[in-house]
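Structure first, then comments.
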Amino acid sequence: MKAEGPRAPVQGAGLCLERHGPYGEAPSVYRGFVKDVLESAWTQDDSFRNLVADFTPPMFSTDHIDKWSPFEVIKSHINPWTIPSDSQMDALEAAVPIEFSCPRTRDDRSIYRFSAAAAAVYFLQSIPHSLRKHLRKIILNEDYEAVLYPQEHARGLIPFCQQYPIQVERRVSLRNVVFQEDMFYKHPDERCWRNQVATRRTPCVMNSDQITAKVATWITEALALDQEGMPPGSFSLLLDGDPCPDLCSRIFKVNRPARCCLAASLDRNYSERYCWRNIYCAL
157 MKAEGPRAPV QGAGLCLERH GPYGEAPSVY RGFVKDVLES AWTQDDSFRN LVADFTPPMF
217 STDHIDKWSP FEVIKSHINP WTIPSDSQMD ALEAAVPIEF SCPRTRDDRS IYRFSAAAAA
277 VYFLQSIPHS LRKHLRKIIL NEDYEAVLYP QEHARGLIPF CQQYPIQVER RVSLRNVVFQ
337 EDMFYKHPDE RCWRNQVATR RTPCVMNSDQ ITAKVATWIT EALALDQEGM PPGSFSLLLD
397 GDPCPDLCSR IFKVNRPARC CLAASLDRNY SERYCWRNIY CAL
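For any residue, its number in the working numbering is found by taking its place in the sequence shown, counting from 1, and adding 156.
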């Protein structure tokens with residue numbers, strides 16, 4: 157890990173590589189706000205609707221361009237924690253056509269996983285009330301990276317925790333999950349060297365300026381559950397340092413903002429609005 161401070165700006169980095177939002181809110185709250193604004197503008201502003209209709213993102217083939225439907229992106233109501241059905245997958249593919257890392261071979265060897273929280277939501281939806289009423293505790297082991305903002309996937313468990321006396325403990329691996337994300341590479345395939353595309357390789361070190369954002373995202377999303385309706389005492393988040401607790405401890409010692417962020421989350425008296433005691437770290 158580099159301990160000398162923030163990295164130098166990437167040469168030639170455009171607006172898309174700069175960090176925007178969430179302006180003090182949990183990222184899921186900010187994304188919901190953006191979606192609401194887009195939906196309102198789409199239904200009430202003709203000029204905005206025309207701009208959206210004329211927008212075409214970069215794609216590899218004319219087949220993708222023909223399938224592109226920007227309005228489907230705005231109208232989609234599939235939650236990030238949903239394990240989609242075949243019909244939902246068809247709708248997603250129509251809204252956002254598939255892009256391949258290598259247009260020549262159409263080969264993508266990345267592994268895409270659903271989060272443990274998403275799997276728990278899917279499981280609870282699939283069993284009847286007669287079985288759900290007997291559940292008391294669910295332990296979620298997030299030991300690998302997952303798709304589509306896994307930090308907020310516990311929101312899908314709120315209706316079940318409201319209806320049943322279920323306690324959810326979410327254990328998130330610092331090494332395999334939290335520290336793996338890169339602000340320049342949101343998806344696994346983006347971390348590969350794309351064929352004939354001038355983009356930088358994934359660095360072999362972890363930049364210290366990203367650690368705070370990575371840890372804070374998981375903490376703020378857990379704290380935001382209270383505002384979304386999670387019953388008090390029904391959810392806890394554990395940041396797991398295994399299998400290298402000593403290394404994770406050193407990272408927090410070097411990175412002062414991340415350490416302060418974690419310390420604030422452990423302060424029970426910081427704010428009555430949040431259940432700070434339900435976030436802890438095993439290092």
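The beta-carbon is built from N, C-alpha and C at its ideal position, and this holds for glycine as well.
| Check | Outcome |
| --- | --- |
| Hey, could you find the ends of the alpha helix (DSSP H) Leu287 is sitting in? | His285 to Arg288 |
| Give the straight-line distance between the Cα atoms of Tyr300 and Pro306, rounded to the nearest whole angstrom. | 10 angstroms |
| Can you tell me whether Tyr179 is buried or exposed? The criterion is at least 16 other CB atoms within 10 Å of its CB, across all chains shown. | exposed |
| Report buried or exposed for Ser196, applying the criterion of at least 16 other Cβ atoms within 10 angstroms of its Cβ. | exposed |
| Any idea if Gln281 is buried or exposed, counting beta-carbon neighbours within 10 angstroms, 16 or more meaning buried? | exposed |
| Spell out the partners DSSP gives Asn297 in its beta bridges. | Arg327 |
| Among Pro236, Asp202 and Arg331, which one has its Cα closest to the Cα of Leu403? | Arg331 |
| Give every residue of the same chain whose Cβ lies closer than 8 angstroms to the Cβ of Pro183, excluding the five residues on either side of it in the sequence, and list them in chain order. | Gly177, Tyr305, Gln307, Glu308, Thr373, Thr376 and Glu377 |
| Counting along the chain, where does the beta strand (DSSP E) carrying Ser392 start and finish? | Phe391 to Asp396 |
| Going by C-alpha distance, which of Asp382, Leu194, Asp246 and Gln323 is nearest Leu291? | Gln323 |
| Name the two residues that bound the continuous alpha helix (DSSP H) containing Cys317. | Ile314 to Gln319 |
| Hey, how far is the Cα of Val371 from the Cα of Val334? | 7 angstroms |
| Please classify Glu428: does DSSP put it in a helix, a strand, or coil? | Because the pLDDT of Glu428 is 38, which lies under 50, any placement of that residue in the model is unreliable, and the number read from its coordinates should be weighed accordingly. Coil. |
| Roughly how many angstroms separate the alpha carbons of Glu249 and Pro240, rounded to a whole number? | 11 angstroms |
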